[in-house]
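The structure appears below as structure tokens.
Protein chains: 4
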Amino acid sequence: MARVGIYGATGYTGFELIQILERHPEVEIAFATARSAAGRRLSDIFPTMIDTPLMAVDAVDPRDVDLIFTCLPHNTPNLDQIIARALEAGVKVIDFSDTFRLGSVEEYERWRGKPHPAPELQAAAVYGLPELYREAIRNAKFVANTGCYPLSGILPLAPLARAGLIADGNAIVDAKSGVSGAGRSLALKTHFGEAHETFSAYNIGRVHRHLPEFEQQTGLHIIFSPHLLPVFRGILSTIYVNLRPGISPEEVRAVYKVYDNEPFVHLLPAGKLPELRHVQNSNLLLFGIQPVEPESGRYIIVSALDNLRKGASAQAVQSMNLMLDMDETLGLL
Amino acid sequence: MARVGIYGATGYTGFELIQILERHPEVEIAFATARSAAGRRLSDIFPTMIDTPLMAVDAVDPRDVDLIFTCLPHNTPNLDQIIARALEAGVKVIDFSDTFRLGSVEEYERWRGKPHPAPELQAAAVYGLPELYREAIRNAKFVANTGCYPLSGILPLAPLARAGLIADGNAIVDAKSGVSGAGRSLALKTHFGEAHETFSAYNIGRVHRHLPEFEQQTGLHIIFSPHLLPVFRGILSTIYVNLRPGISPEEVRAVYKVYDNEPFVHLLPAGKLPELRHVQNSNLLLFGIQPVEPESGRYIIVSALDNLRKGASAQAVQSMNLMLDMDETLGLL
Amino acid sequence: MARVGIYGATGYTGFELIQILERHPEVEIAFATARSAAGRRLSDIFPTMIDTPLMAVDAVDPRDVDLIFTCLPHNTPNLDQIIARALEAGVKVIDFSDTFRLGSVEEYERWRGKPHPAPELQAAAVYGLPELYREAIRNAKFVANTGCYPLSGILPLAPLARAGLIADGNAIVDAKSGVSGAGRSLALKTHFGEAHETFSAYNIGRVHRHLPEFEQQTGLHIIFSPHLLPVFRGILSTIYVNLRPGISPEEVRAVYKVYDNEPFVHLLPAGKLPELRHVQNSNLLLFGIQPVEPESGRYIIVSALDNLRKGASAQAVQSMNLMLDMDETLGLL
Amino acid sequence: MARVGIYGATGYTGFELIQILERHPEVEIAFATARSAAGRRLSDIFPTMIDTPLMAVDAVDPRDVDLIFTCLPHNTPNLDQIIARALEAGVKVIDFSDTFRLGSVEEYERWRGKPHPAPELQAAAVYGLPELYREAIRNAKFVANTGCYPLSGILPLAPLARAGLIADGNAIVDAKSGVSGAGRSLALKTHFGEAHETFSAYNIGRVHRHLPEFEQQTGLHIIFSPHLLPVFRGILSTIYVNLRPGISPEEVRAVYKVYDNEPFVHLLPAGKLPELRHVQNSNLLLFGIQPVEPESGRYIIVSALDNLRKGASAQAVQSMNLMLDMDETLGLL
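Listed below in structure tokens is the structure:
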């Protein structure tokens, strides 16, 4: 049994991670931390029978485990120290923040317009997308788990982009996410009375914090429009692309053969599109591609994933399985 | 046109009140106050085209208007000063708090077990339930608007109790409320992810703050079980009573003749029960009474109302219409 | 008081129409028809206190009224006879079907690829969009009420298209609708368990029945992607356009001055976008326009309306007010 | 690997059963039947990656398997023939209908007031509640799976009743169920627009089809009030009982020691009550008991379970595990 530690167990991704790991046959949770809930038990905080004790960060030692997950809010002050201390001790790390996803200090600073908070750690970080970086993850000490929104576009778009099929280098991604994507911290926009029985767009025409990895991984210029759905979990993205004219729908579908043996990423049969229900509570990313005017190259892709699973915690477990040399699908089927 | 002022415009009841008054043909809103949102406009805070400016409490003068509504959180420190200042100036007051509903300082202190915060104001307060206290409200300077939960039981139970039909002096009220009843202040229990797609009981077997007026108005011993529904507005209560044996269902229905001319309170035909949809966005309280085992006196009443309308702001406007000598139904149909 | 008749009172648009007309100060409902519910009352079918009797179609005479609304399912066999009989008797007609919206028999047959079912009636039909055809509606005997989806795009796009600002003649309309848009007839896709807590795209890349009027009214080539939201009412559309480069956002906003005096159509201030909550239960269409990359002409429009109100029944009342020479906003504020 | 067959795979309980069995390590699904969907695959009907073929009833042979589940609508005409044919061949049966739950032909006819449709099968049927009838189920050839509503009351009430603690032999069960309890057949009451954002009571004061087993298993007179929640899955029941006075809350809790070793039934700690979220998607039944006025014996129990899991398909798998001599919790944790 491998031993793992979880920093930040009382957010939605941390809790989801614990639920997945509790059923994992080859892993045990050595510790789970919380800030305000330190000293209590998971079952005091969440409606669950899982009775994990919640520890203060200072009360745990990352060197006790084989791998830690850091599911802490963006900009947690001592995140880089936790990671550094673990890596120094030979403990592997999967980080959920958006700090280490951009490949290099230069890229971080170019996109964010500010100094990288932990440049000495960046070089070790591997982008945590097994379908594209499986071997690198297998050998990684440090994995930067992906954003949930970008994943909904990167996996369907990357093969098209790599095959040179996208005519103009652009994609429009009209993305709709459940409310859990906004986290468990209290805010008026996620208050029941404000998020229920409504629907809204946000950050339209602005640079969302997830855009850099999205453009970087696809090499495309992305128009990204996030929306807030009145459901708890799931992202469905409707993606508009102009492919090179003169290519048949069958040729387009052929580029997705790269996913033929993937356990969790599936192109649906022609004419079928995924719904949120297909993917909720699973580690699946499903997508369909529909020719709109194939002669002029207009196609629409619809992709769906569970933002807390494939978009966050289940994907982290998929990377963990690779890093700990286990079957990649353990605990995820 | 009468002029009214609203204290506390950015809670759900304050906003609901403004929406009702905006359509009222004989009233204009002279001012609306807010704490943190003072200086902004209602349309900055709520999704509405109503552009009422929001003022600081210190920036308005209750003496400018004919009547004020105080829709402030329970235990707002200077509530009694606002009320006192208005009453002294001859301005009428409708208060939404639960401070002045219990009829006398003695009753308040008996139920609450602590000193009344404003004993000098209590004597003037009339319980704001037009169906039971119409004449008193018509002559009142100061009305204490009722609680939303008790209303769902008081109106169906009071006629039975007054007619001496309740065999054992008890009633069980299993009440289910939409989330808006918990207000607009942020709390984990009203966070979308915690309140959506679930259902729970709360305060079971404890004294809810609404219980005293409930028992006082009915003269019954009430077992009251509140529950939280994953809808925005509405209360549906299922009420269990044991009536005196030997009374026919027709005789039971006859005690509700007192409501025959009420515009907003209706007993449904035999065999029919209200649903939340019947009453949402209206000032109606609908109820049905179903004999379960009429020979042994077991009956079930189901009542429904909109907690933000009949349970709060629309009922306040009904009282206002009486206090300002207008048609009782103005703005409410 | 004008007298109106309603054909098809037990669908969602018919019921919505009755609710609006019940509050209309200058109209009375002379009759309402139903098929399977004929002989019963509206309150037997819907949770309402409105007690309109429901008549068989054969039991009513359109000549008894000033105007009829035909809210019948698409392809109701005798729809054209009902309309013809009314028009012959000088009774005005507002039809909710999509049969008479396309301006001419030729256009109908070109778009639908089949013969027009009632060519003799088409010439009299005026497209029921008051903001674009106010004078024609005022003088019309016969109005074809618009589709709900197209409206969400026509009103924001038509001024841009007419001003020649759309660079490539294209628009992508990613539209999201509440479930009431699918009507009250039973179907698995609108069964609670299949539509709740999920989200899906449908008819992607296919010709939706609403597309012809959409393209015709804007003169644009429209990529239209409908989606099904787990809410009851409302449509929010996210619209992607490429405007001619070199035009400032202020110049773009200036084309919407045509709506400055419209009571129900509003461009929101720069930086603001509508949410479904802003428009639910109202006759408003709200929209915002956001420059994404103004130098290259990329803009995103977000528009919102209530599909049962501005998208159907309230808009029909707006047309009725014009046709009966009443204040256009009566019953709609 | 044991082989099982499923009759009625396209209802909610059938689909839930397949999802559970797909993860069961010691069972394989040999066939699944459907009526109108025969010849198609499960993934054509449900949003799932499970690709089970759906067969006509006539195309399968129950003698090919070790055990069959009959998840057919109540009153399916040939249900008894399917069961008889299987039992004759030595194939075990778990039936989801409410035909065989009442213990004897006499009890059936007494409660239902009509002849038993298959008296020759009744004697073999064991009531499928492992917590009460574990040994009988282990030895049974034929198990009648319980109703979902009764379960929410039987498990908390039976120990109190058996201990003689219920003073008056009565219990009031105010039960609230998610919409999936009404099945997947189309009906107006489960149409999205009629079930969403509302709440209602039904069958108040009437004999619900689940009442007989409820009273029979507890020996109590039950006042049972079902309600329809706008959620998909889960039942929460609020239960009012009068216990014998003079018993302490600790003594009351002590009667639940019978569940101490149960894997799926848990009394929560004093002061805690379950919410629907605690049990959704699990085989758990959780309950809490709250003294209201312990001196006079008034207690309230709140219990929660997932109607499709513990209330139906997961419970059936729990019985199957016993009948096939497997670990009782296989596939259910």
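Chains as they are written, first to last, in my numbering: chain A, 33 to 365; chain B, 33 to 365; chain C, 33 to 365; chain D, 33 to 365. For each residue, glycine too, the CB sits at the ideal point set by N, CA and C.
Starting from the Cα of residue i, find the closest Cα among the options and give me that residue.
{"i": "residue 210 (chain D)", "options": "D:247, D:201 and D:259", "result": "D:259"}
{"i": "residue 295 (chain A)", "options": "A:232, A:359 and A:272", "result": "A:359"}
{"i": "residue 46 (chain D)", "options": "D:56, D:96, D:101 and D:338", "result": "D:101"}
{"i": "residue 278 (chain C)", "options": "C:205, C:201 and C:331", "result": "C:331"}
{"i": "residue 317 (chain A)", "options": "A:207, A:268 and A:276", "result": "A:268"}
{"i": "residue 120 (chain A)", "options": "A:185, A:301, A:94 and A:237", "result": "A:94"}
{"i": "residue 286 (chain B)", "options": "B:339, B:188, B:245 and B:335", "result": "B:188"}
{"i": "residue 364 (chain A)", "options": "A:348, A:356, A:355 and A:357", "result": "A:348"}
{"i": "residue 205 (chain A)", "options": "A:48, A:179, A:273 and A:289", "result": "A:273"}
{"i": "residue 105 (chain B)", "options": "B:314, B:99, B:92 and B:128", "result": "B:128"}
{"i": "residue 167 (chain B)", "options": "B:182, B:350 and B:354", "result": "B:354"}
{"i": "residue 174 (chain B)", "options": "B:140, B:253, B:157 and B:84", "result": "B:157"}
{"i": "residue 322 (chain A)", "options": "C:160, C:256, C:72 and C:339", "result": "C:256"}
DSSP three-state call for residue i: helix, strand or coil?
{"i": "residue 362 (chain B)", "result": "coil"}
{"i": "residue 154 (chain D)", "result": "helix"}
{"i": "residue 332 (chain B)", "result": "strand"}
{"i": "residue 222 (chain A)", "result": "helix"}
{"i": "residue 199 (chain A)", "result": "coil"}
{"i": "residue 295 (chain A)", "result": "coil"}
{"i": "residue 236 (chain B)", "result": "coil"}
{"i": "residue 47 (chain C)", "result": "helix"}
{"i": "residue 40 (chain B)", "result": "coil"}
{"i": "residue 337 (chain C)", "result": "strand"}
{"i": "residue 60 (chain C)", "result": "strand"}
{"i": "residue 89 (chain C)", "result": "helix"}
{"i": "residue 263 (chain D)", "result": "coil"}
{"i": "residue 73 (chain D)", "result": "strand"}
{"i": "residue 35 (chain A)", "result": "strand"}
If the cut is a Cβ gap below 7 Å, which residues of chain B does residue i touch?
{"i": "residue 299 (chain C)", "result": "Within chain B, no residue comes near residue 299 (chain C); the closest Cβ sits about 13 Å away, beyond 7 Å."}
Listing by chain order, which chain A residues have their CB less than 7 Å from the CB of residue i?
{"i": "residue 211 (chain B)", "result": "224 and 225"}
Kindly list, in the order they appear in chain A, the residues whose Cβ is closer than 9 Å to that of residue i.
{"i": "residue 316 (chain D)", "result": "81"}
{"i": "residue 305 (chain C)", "result": "232, 233, 234 and 236"}
Considering only DSSP beta bridges, list what residue i is partnered with.
{"i": "residue 108 (chain D)", "result": "DSSP lists no partner for residue 108 (chain D)."}
{"i": "residue 165 (chain D)", "result": "DSSP lists no partner for residue 165 (chain D)."}
{"i": "residue 253 (chain B)", "result": "B:202"}
{"i": "residue 187 (chain D)", "result": "Paired residues: none, contrary to the question."}
{"i": "residue 124 (chain D)", "result": "D:99"}
{"i": "residue 248 (chain D)", "result": "Answer by DSSP bridge pairing: none, since residue 248 (chain D) is not bridged."}
{"i": "residue 322 (chain D)", "result": "D:332"}
{"i": "residue 271 (chain D)", "result": "D:205 and D:333"}
{"i": "residue 178 (chain C)", "result": "For residue 178 (chain C), which the question treats as bridged, DSSP gives no partner whatsoever."}
List, in chain order, every chain A residue whose beta-carbon is nearer than 8 Å to that of residue i.
{"i": "residue 238 (chain D)", "result": "Per Cβ cutoff of 8 Å: no residues; residue 238 (chain D) is ~32 Å from chain A at best."}
In chain C, which residues lie with their C-beta within 7 Å of the C-beta of residue i?
{"i": "residue 309 (chain B)", "result": "79"}
Quick one: list the residues of chain D neighbouring residue i, beta-carbon separation under 9 Å, in chain order.
{"i": "residue 167 (chain A)", "result": "The contacting residues do not exist; residue 167 (chain A) stays about 26 Å from chain D at best."}
Taking Cβ-Cβ distances shorter than 8 Å, what residues in chain B pair up with residue i?
{"i": "residue 44 (chain A)", "result": "225"}
{"i": "residue 174 (chain A)", "result": "Simply none; closest approach about 30 Å."}
Residue i versus chain B: which residues are under 9 Å apart at the beta carbon?
{"i": "residue 216 (chain A)", "result": "220, 223, 225 and 226"}
Please compile the residues from chain D whose C-beta is within a distance smaller than 8 Å of the C-beta of residue i.
{"i": "residue 229 (chain A)", "result": "229"}
Exercise for the section: Decide if the region 202-221 of chain A is in contact with the region 207-222 of chain B; the criterion is three or more beta carbon pairs, one per stretch, under 8 Å apart. Expected result: yes
Exercise for the section: Examine the Cβ distances between the region 137-153 of chain B and the region 101-116 of chain B and report whether three or more of them are shorter than 8 Å. Expected result: yes
Handout entry: Three or more C-beta pairs below 8 Å linking the region 307-314 of chain B and the region 226-244 of chain D
Key = yes
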